[in-house]
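See below for the structure under consideration.
Number of protein chains: 2
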Amino acid sequence: MTIRLDYSNMIATSVAGGLKAPSWTRSAKEFRSTHAEVQKLVASGALGFFGLPTDRRLLQQTIRYSAEVEGRYDDVVILGIGGSALGPIALRTALRPYSWNAIASAQRSGFPRLHVLDNVDPETIGALLDRLDLARTLFVVTSKSGGTAETMAQFLIVRERLAKAAGGWTGQNTVFVTDPEKGALRPVARKEDIDALEIPANVGGRFSVLSPVGLLPAALIGIDVAAMLAGAEDMRVRCETNVLAKNPAGCFAMLQWMADRKLKKNIHVLMPYSDSLRDLADWFVQLWAESLGKIQPDGTSVGPTPLAALGATDQHSQVQLFMEGPKDKTVTFIAVRNRAVDLSIPAAYPEVPELSYLGGHSLAELIGVEQRATAGALAARGRPNMTIEIDRVDPWHVGGLIMLFQIATAYAGHLYGIDAFNQPGVELGKQFAYAQLGRADAEGARREWDALPKPDPRWQV
Amino acid sequence: MTIRLDYSNMIATSVAGGLKAPSWTRSAKEFRSTHAEVQKLVASGALGFFGLPTDRRLLQQTIRYSAEVEGRYDDVVILGIGGSALGPIALRTALRPYSWNAIASAQRSGFPRLHVLDNVDPETIGALLDRLDLARTLFVVTSKSGGTAETMAQFLIVRERLAKAAGGWTGQNTVFVTDPEKGALRPVARKEDIDALEIPANVGGRFSVLSPVGLLPAALIGIDVAAMLAGAEDMRVRCETNVLAKNPAGCFAMLQWMADRKLKKNIHVLMPYSDSLRDLADWFVQLWAESLGKIQPDGTSVGPTPLAALGATDQHSQVQLFMEGPKDKTVTFIAVRNRAVDLSIPAAYPEVPELSYLGGHSLAELIGVEQRATAGALAARGRPNMTIEIDRVDPWHVGGLIMLFQIATAYAGHLYGIDAFNQPGVELGKQFAYAQLGRADAEGARREWDALPKPDPRWQV
Chain A
3 MTIRLDYSNM
13 IATSVAGGLK
23 APSWTRSAKE
33 FRSTHAEVQK
43 LVASGALGFF
53 GLPTDRRLLQ
63 QTIRYSAEVE
73 GRYDDVVILG
83 IGGSALGPIA
93 LRTALRPYSW
103 NAIASAQRSG
113 FPRLHVLDNV
123 DPETIGALLD
133 RLDLARTLFV
143 VTSKSGGTAE
153 TMAQFLIVRE
163 RLAKAAGGWT
173 GQNTVFVTDP
183 EKGALRPVAR
193 KEDIDALEIP
203 ANVGGRFSVL
213 SPVGLLPAAL
223 IGIDVAAMLA
233 GAEDMRVRCE
243 TNVLAKNPAG
253 CFAMLQWMAD
263 RKLKKNIHVL
273 MPYSDSLRDL
283 ADWFVQLWAE
293 SLGKIQPDGT
303 SVGPTPLAAL
313 GATDQHSQVQ
323 LFMEGPKDKT
333 VTFIAVRNRA
343 VDLSIPAAYP
353 EVPELSYLGG
363 HSLAELIGVE
373 QRATAGALAA
383 RGRPNMTIEI
393 DRVDPWHVGG
403 LIMLFQIATA
413 YAGHLYGIDA
423 FNQPGVELGK
433 QFAYAQLGRA
443 DAEGARREWD
453 ALPKPDPRWQ
463 V
Chain B
3 MTIRLDYSNM
13 IATSVAGGLK
23 APSWTRSAKE
33 FRSTHAEVQK
43 LVASGALGFF
53 GLPTDRRLLQ
63 QTIRYSAEVE
73 GRYDDVVILG
83 IGGSALGPIA
93 LRTALRPYSW
103 NAIASAQRSG
113 FPRLHVLDNV
123 DPETIGALLD
133 RLDLARTLFV
143 VTSKSGGTAE
153 TMAQFLIVRE
163 RLAKAAGGWT
173 GQNTVFVTDP
183 EKGALRPVAR
193 KEDIDALEIP
203 ANVGGRFSVL
213 SPVGLLPAAL
223 IGIDVAAMLA
233 GAEDMRVRCE
243 TNVLAKNPAG
253 CFAMLQWMAD
263 RKLKKNIHVL
273 MPYSDSLRDL
283 ADWFVQLWAE
293 SLGKIQPDGT
303 SVGPTPLAAL
313 GATDQHSQVQ
323 LFMEGPKDKT
333 VTFIAVRNRA
343 VDLSIPAAYP
353 EVPELSYLGG
363 HSLAELIGVE
373 QRATAGALAA
383 RGRPNMTIEI
393 DRVDPWHVGG
403 LIMLFQIATA
413 YAGHLYGIDA
423 FNQPGVELGK
433 QFAYAQLGRA
443 DAEGARREWD
453 ALPKPDPRWQ
463 V
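Line by line, the protein sequences give chains A and B.
Here the working numbering runs 2 ahead of the position in the first sequence, where the first position is 1.
Here the working numbering runs 2 ahead of the position in the second sequence, where the first position is 1.
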């Protein structure tokens, strides 16, 4: 069991237009100070996500709760958005059979369906609530601060439905995942005696998938969360070294940052060749975008733009742009060595050349061939790329990938010279929304909102 | 019924860092020559997609076939990738109830589920085929050339399964959507007497959603395809004018191109505030990326990078980057004026400020407020954006949006000085795959493949 990163195609020895080998070798020194700074943050207790893989208490809290409710629910619904939604979605897609919510209970080994309300679109929420058997549904309200407008709106609607169905609200069929002390949900939980699992105070939303935010939904649908944490811990240990060449997260972060700074490649594509991992790429997009898209202390805007793609599918969509468009991209493939299932392609139509060569191969072979062909074609055209190879899509490897990207994000934050753990840029939009909704404390924002230029009829069609 | 584009926030009169108004006004002249060039292509018959909204023959072909098989199938499976897959997926998500494949037959008014095999992942395909009742499943094999490896591999596997289940292959439960004359599937259809609908020779894959490629799947699941074509035709007629200020597709294309060329904003985000439209953004990504990511005749690589986002969801993911990251983006919102369903948010917890302000509002109001707040916040921070507003998500408006983006792509192709209707960049990867699979005509590619640098153990971790 291991996770390998091959970045030969990022270096100019293999790919014209890659990073010069001496420059890459020299970056090992710079990495030592990045590593030291991140270690300092870890030691200070600021980066709680480093400790999650070995946090027995949170694991036990999760396992105890999910064991307690086992068999009681047909549907689990996560109320959450952003970091509270992307992790659970990624784990469901990666680690449960295809199309989990559409298959029969027996095929789910009796585990419940898992829905994630990651938006406030009334058509989606209305349709879902109308078809659930509320008595057999568990709602998991996930918000660290309890201040997330979308999640709180969802909660108020669900709470009323549950109350109507049961003739009163006693906190039934509801569990919170929130800050252990602070925030708006904790006092509600205490007052109404609602179960509440913890997001440690030093774990931010987009780094929380290995806390109960991701563990609880995963455990409820039968994913081996202990194996996931073991894989994450294995990666954390591999990243203890300050020797760049031996640190997978260090290599990933340093390669991306150098590609951005030295080669102006500021669009970072993540392209798994596996349907199971497609939503992990969306989870990565949030992690990389929201952590690194920042204004530096001197006022400079920085940050790479992550892009999710899926192989082989996107060979027929985005790859034309990756091959011939501006040389502003790196592509990171995720290749899967062993597939749980394979299908052989039968031979037929020997007279049709477009069909006959496929016979005798298998789909696992085909998708693997296509990944290597695309990497090779990009390399041949001077387009740097790298490949993360995993043995199989299972909890151990997915836990490892998660930790790899999270630690890389911490390193990249230091390299970009920004705070990777806040998101000040979204505050103004929130305030403008509060202003329109008449929230009492948004008076200042309302003045700024009212002063914005009005739509100009000249610029409308 | 109409589609409005408000681009006030793209112009410097409203947004610092927007396009200068005089420069924008002057571009109307340049647009006239772009418009004339595209009209010339249309007149020459090269751009078949312009004629699809009024092609009664293809509409009848589609309606006749879907009427003929009505009630016969519980599941429809599209075998296809890229342009053959993204359109049908977008139409299903936009125009059928949420989670179509997971709801009961009665809620689908008896129409079949619609699965789209847009990849060659054996785990997905194996899982799906294992659970279908093959006798009650229709397979739609969509490939213009019949040379798409992924689609042909899917077809060979499905064909064998159907043959085994029925004791022989007679082309049962299968329909092709392919070129009227050429390609590998047409002779198979003739020989084996398989029904085959047409993709006109002058309609390319990513411009084919209004041909039977999209119409047939849509009609099979009960979407009003005639209304969709009517909406598309309305937009086509609006774009007949060479007066830029009156041509919605012209404005969209010219704004994006000028933002790229004059303001170095080469990342074009499309962000609908509607779960129904999330997959339309993926369809747009292919259209914009594969059409415009090209090498100009002089060897220069050009093309914007499209990015799909979803509101309000991505306010908690990518919006931090859009607000504070490099000023390399435009954001196009799609706002929906009327929602088919709304849910009011009940008042509760008057003592909790994070919850109390929400009571009395509705989800439709909230998602609308959030869209305007995000647009306003971007504008206030000097980040250009525009909003396409539609009355509702229905076939007419979705047809109109599709035509708007397709015509804009034709204009943008001329502005970028490239051929928007080919995809030469993906050929090398295909050849490298053929070489590994031992296809007889790939000898040249095999030599280039074998000569690629091997993975370098120094650059692995």
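Glycine included, each C-beta is placed from N, C-alpha and C at the ideal position.
Here the structure is a predicted model, which is why all the values come from computation and not from measurement.
Closer than 8 Å to chain A by CB, residue i
i, result
"B:E39", "no"
"B:I65", "no"
"B:V211", "no"
"B:V287", "yes"
"B:P348", "yes"
"B:V321", "yes"
"B:C253", "yes"
"B:E372", "yes"
"B:W461", "yes"
"B:S16", "yes"
Close beta carbons around residue i, own chain, < 7 Å, minus the five adjacent residues each side
i, result
"A:P348", "G361"
"A:A410", "A251, F254, A255"
"B:V17", "N11, A381, G384, P386"
"B:A87", "I80, V118, D120"
"B:T243", "N249"
"A:D316", "M273"
Closest Cα partner of residue i within the set the options
i, options, result
"B:D464", "B:Y413, B:R138, B:T144, B:D458", "Look at the range of chain B in this structure, 3 to 463, and you will see that residue 464 of chain B is not part of it."
"A:R98", "A:R115, A:I83, A:Q322", "A:R115"
"A:A377", "A:T56, A:M325, A:D57, A:L93", "A:M325"
"A:D421", "B:L61, B:G207, B:V142, B:G327", "B:G327"
"B:K264", "B:T4, B:W26, B:I65", "B:W26"
"A:V71", "A:S101, A:A379, A:C241, A:L222", "A:L222"
Three-state class that DSSP yields for residue i in the structure shown
i, result
"B:R6", "strand"
"B:Q156", "helix"
"B:L430", "helix"
"B:A221", "helix"
"B:K193", "helix"
"A:I297", "strand"
"B:T302", "coil"
"A:N244", "coil"
"A:L199", "strand"
"B:L187", "helix"
"B:A337", "strand"
"B:E356", "helix"
Supposed contact pair residue j and residue i - C-beta distance, whole angstroms, cut 8 Å
i, j, result
"A:A96", "A:V287", "Actually they are not in contact, since the Cβ atoms of A:A96 and A:V287 sit about 15 Å apart, beyond 8 Å."
"A:T180", "A:A155", "At roughly 16 Å, the Cβ-Cβ gap does not stay under 8 Å, so A:T180 and A:A155 are not in contact."
"B:L212", "B:F51", "7 Å"
"B:Y9", "A:W461", "5 Å"
"B:D443", "A:P355", "7 Å"
"A:Y275", "A:Q373", "4 Å"
"B:E200", "B:Q62", "Not a contact, Cβ separation roughly 12 Å."
"B:M237", "B:V400", "The Cβ separation is near 11 Å, so there is no contact."
"B:Q408", "B:L289", "7 Å"
CB contact check: residue i to chain E, cutoff 8 Å
i, result
"B:P250", "Looking for chain E here will not work: the only protein chains present are A and B."
Residue-level contact to chain B via CB, residue i, 8 Å cutoff
i, result
"A:A247", "yes"
"A:G148", "yes"
"A:A384", "This sequence places Gly at residue 384 of chain A; Ala is not what is there. It does not: the Cβ of A:G384 has no partner Cβ on chain B nearer than 8 Å."
"A:H318", "yes"
"A:D421", "no"
6 Å CB neighbourhood of residue i in its chain, flanking five on each side removed
i, result
"A:R74", "none"
"B:H363", "I347"
"B:D77", "P114, R115, L134, T139"
"B:G295", "G305"
"B:F33", "L246, G252, M256"
"B:K22", "A14"
Sequence-distant residues of its chain with Cβ nearer than 8 Å to residue i (five each side left out)
i, result
"B:I159", "I127, L131"
"B:G185", "S145, K146, S147, G148, G149"
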